[in-house]
Every structure is written in C-alpha cells, then in structure tokens.
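In this text, residue positions in the sequence shown follow this note's numbering: the first is 390, and each later residue adds one.
Virtual Cβ for every residue (Gly too), placed ideally from N, Cα, C.
Below: the structure, in structure tokens.
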Amino acid sequence: MNILDGKNLINIDSLQLENIVAGFDKICVDIGTGDGRNIYRKAKAEPGTFFIGIDPVKDNMEEIAVKLNKKPEKGGLKNVILAVAAAENMPPELHRIADTVTVLFPWGILLEGVVKPIDEFIDAVAETAKNGGKFEFITTYSPAYEENTIETRAMPELSIDYFNGEYTDILKKHGLIVESVEMLDNEFVKGFDSKWARRLAFGRKRDFYRITGSVL
C-alpha cells in the first residue's frame, strides 16, 4: 500500500501496517478523504482511534501529510496515515481492517458508486470493514445547483424514500445493513473540516443525506 511520508510515497505491506496500528482501540478508514483535513481534525479529537485516509489524488493530501510528520507541539500526529489509492482498487492490506468506514461528501465516480449504488464501490466498503463494523455515507447534490452532474452521470433524485427503498435492499445483498437515513442541513456540515465540505456547508442552502449502518 502506498502511503505519504511527507511529500514522498512509500510502500508498506500488511505486517508493517499491522505494527503501525497496533495499540489503538479502533481503526477508521475514510474513502475519498480529499485533502485529509477532516480526518486530521478527528484524529486530534480521538487519540485512541487510528485513521486511514484514502484518496487517488496525492497532491491534495500533501499539506496534511507534511504536518503529520512534525513534532506533536507543532501539529504532528501518530494516529493518521494517508494512502494513495482509488475506491475501486482498494489496497489488499486494508481487507477487513476497519471498525468504521466512512465516505463523506463524495464527488465524481465515487459519488456514483455510493449513490446509485455501483457494486465495486459498495464491495470496497464491505470488504474494508470488519464483521460487525460500521459504515457512514454523507452525500448531496441538488438539481438547482448540479443539474449538469445529475444529467451527465444519470443520478437518481435524492430523498429519504430513495435511500430507504431499493437502495437499502441492494446494500444488504453486499453485506451492508442500513440502520438509519437522515436528512441534514448546512449547519450540521459546518462541523466538517475539509475544504470541500466547508465549501458545501457555507455555500447555498441544500439537503445532505446521512446513511449509517453495520457490515455483516
């Protein structure tokens, strides 16, 4: 698995990863972590949890990766790594490693994978979580603001009923049991720290959908 050591990429194997996460109470894998700011903030707040951020765009994560290597008094943390990988090609080292898997504010192909949903993306979540682990998706788009994205990617209309309907049945076939579907507002999303989340939260009023559940 390729992870960032500052601005440099290094490869670690399963045994090395096992040693890195040893001693932590829980492991959280964040797929599509973007700039890594949100899991950095969560890692500071939850020192007993080890966070693994996954994103295919190395450059976006470099600023936080450099910060992680600093001394603790200057913002360095030992309970986060950032890995360069795509959701549709997850590193095998992450198989069944996570107590929690999150996909927060996905866009592009990851948005399609989570919302439609697409088998390979849902399988990536199911195969990353431990048996009995948890998952959390938070997603949004609006025909008022993202008409082109909706049309180009043939996205369904978002609603509580959509996520509680056939969507739930499809996820169940992949081992993901939906336990809660909530509609959230901009105010809730202001608590997230990535640049993308803050752009959404402090932008125009919109609905966000949070889907949580457990993994068989």
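Item checked: Inter-residue Cα distance where the pair is LYS519 and ILE559 -> On the sequence shown, residue 519 is found 130 positions in, with the first residue counted as 1. On the sequence shown, residue 559 is found 170 positions in, with the first residue counted as 1. Computed Cα separation, rounded: 19 Å.
Next item on the list: Can you give me the Cβ contacts of LEU499 inside the same chain, cut-off strictly under 8 Å, excluding the 5 residues immediately before and after it?
Entry: As a working mapping, residue 499 is identified with position 110 in the sequence shown. Taken in chain order, the residues that qualify are ILE420, GLY421, ALA476, VAL492, PHE510.
Item checked: Classification of ARG485 by the beta-carbon crowding that lies within 10 angstroms, buried from 16 upward -> Locating residue 485 in the sequence shown gives position 96, counting from the first residue. Classification of ARG485: exposed, given that the 10 Å Cβ count is below 16.
Check: For MET572, does the three-state DSSP call read helix, strand or coil?
Finding: Locating residue 572 in the sequence shown gives position 183, where the first residue counts as 1. Here MET572 sits in strand by DSSP.
Notebook entry, point to check: So what does GLU525 bridge to, in DSSP terms?
Noted result: Walking along the sequence shown from the start, residue 525 turns up at place 136. For GLU525, which the question treats as bridged, DSSP gives the partners THR491, THR601.
Check: LEU589 and THR528: beta carbons closer than 8 Å?
Finding: Position 200 of the sequence shown, counted from the first residue, corresponds to residue 589. Position 139 of the sequence shown, counted from the first residue, corresponds to residue 528. Not a contact, by the Cβ cut-off of 8 Å.
Note to self: Let me confirm a value: SER548 is counted as buried when at least 16 other C-beta atoms fall within 10 Å, else exposed. Which label applies?
What the structure shows: Within the sequence shown, numbered from 1, the residue matching residue 548 stands at position 159. It is exposed - the Cβ of SER548 has fewer than 16 other Cβ atoms within 10 Å.
Notebook entry, point to check: When the distance is taken between beta carbons, is ASP488 closer than 8 Å to GLY464?
Noted result: Here residue 464 corresponds to residue number 75 of the sequence shown, with the count starting at 1. Here residue 488 corresponds to residue number 99 of the sequence shown, with the count starting at 1. Not a contact, by the Cβ cut-off of 8 Å.
Note to self: Under DSSP, the beta strand (DSSP E) around VAL446 begins and ends at which residues?
What the structure shows: Position 57 of the sequence shown, counted from the start, is the residue given in the question as residue 446. From DSSP, VAL446 is part of no beta strand (DSSP E); its letter is neither H nor E.
Notebook entry, point to check: Around the Cβ of MET450, are there at least 16 other Cβ atoms within 10 angstroms (buried) or fewer (exposed)?
Noted result: Here residue 450 is taken as the residue at index 61 of the sequence shown, counted from 1. Buried, since its Cβ has 16 or more Cβ neighbours within 10 Å.
Next item on the list: Answer with buried or exposed for GLY502, where buried requires no fewer than 16 other C-beta atoms within 10 angstroms of its C-beta.
Entry: One-based indexing of the sequence shown puts residue 502 at position 113. Burial call: buried.
Check: In the DSSP assignment, what are the bridge partners of THR438?
Finding: To locate residue 438, count along the sequence shown from 1; it is residue 49. Beta-bridge pairing links THR438 to LYS415.
Check: What three-state label does DSSP hand ALA590 in the structure shown?
Finding: As a first step, residue 590 is located in the sequence shown; it is residue number 201 there, counting from the start. If DSSP states are grouped into helix, strand and coil, ALA590 belongs with the helices.
Note to self: Distance check for VAL567 and LEU457, CA to CA, integer angstroms please.
What the structure shows: If you number the sequence shown from 1, residue 457 lands on position 68. If you number the sequence shown from 1, residue 567 lands on position 178. Cα to Cα, the separation comes out at about 34 Å.
Checklist line | Neighbour-count burial assignment, ARG426, 16 or more Cβ in a 10 Å radius | finding: Mapped onto the sequence shown, residue 426 falls at position 37. ARG426 should be labelled buried.
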